[in-house]
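In full-length UniProt numbering, the protein residues as written are 1 to 113.
Everything on this sheet refers to the single structure shown next.
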């Protein structure tokens with residue numbers, strides 16, 4: 001006897017945005033950036049803080065001053081959370097910020113980047 005089973009395809013998708021607290025970042029000061037993560041997929045995700053990678057070129061001192069571990073541990077579809085980082089800006093002309101996030105689907109254990 002054959003049995004047909006419909007498989008539910010789960011989409012694992014994140015949206016990432018970044019906004020400065022000021023219109024213009026100046027040298028020799030501090031700036032604060034808000035990183036917004038949104039679960040735009042249909043699956044529950046888990047994101048560990050160790051799987052959020054922030055690379056600033058040239059290498060600058062920064063710290064994460066706000067992060068919601070509870071939301072990231074059980075990141076529901078449609079949910080949004082913010083990370084706030086503070087950066088010490090020396091006398092430089094430009095900088096590049098690269099952010100990558102690795103998440104795990106809570107049901108299928110699939111990893112996504």
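Virtual Cβ for every residue (Gly too), placed ideally from N, Cα, C.
Please read these numbers as outputs of a predicted model, since none were measured by experiment.
Does residue i come out as helix, strand or coil in the three-state DSSP assignment?
i          : result
residue 4  : coil
residue 11 : coil
So the candidates are the options; which of them puts its Cα closest to the Cα of residue i?
i          : options        : result
residue 71 : 23, 102, 37    : 37
residue 56 : 6, 85, 15, 41  : 85
residue 82 : 98, 6, 39, 30  : 39
residue 73 : 10, 63, 52     : 52
residue 78 : 28, 18, 43     : 43
residue 58 : 32, 11, 47, 98 : 98
Does residue i get closer than 9 Å to chain D when you measure Cβ to Cβ?
i          : result
residue 22 : In the structure shown, chain D does not exist; there is a single protein chain.
Taking the straight line between their C-alpha atoms, what separation do you get for residue i and residue j?
i           : j          : result
residue 34  : residue 96 : 15 Å
residue 93  : residue 23 : 16 Å
residue 88  : residue 13 : 32 Å
residue 109 : residue 54 : 24 Å
residue 107 : residue 3  : 23 Å
Classify residue i: buried if its beta carbon has 16 or more other beta carbons within 10 angstroms, exposed otherwise.
i           : result
residue 101 : buried
residue 103 : buried
residue 45  : buried
residue 20  : exposed
Any heavy atom of the ligand SAH inside 8 Å of the beta-carbon of residue i?
i          : result
residue 74 : Although the ligand SAH was asked about, the structure shown includes no ligands whatsoever.
Starting from the N-terminal side, write out each stretch of the alpha helix (DSSP H) that is 4 residues or longer and does not extend beyond the UniProt domain "CARDB" (18-111).
-> 69-73
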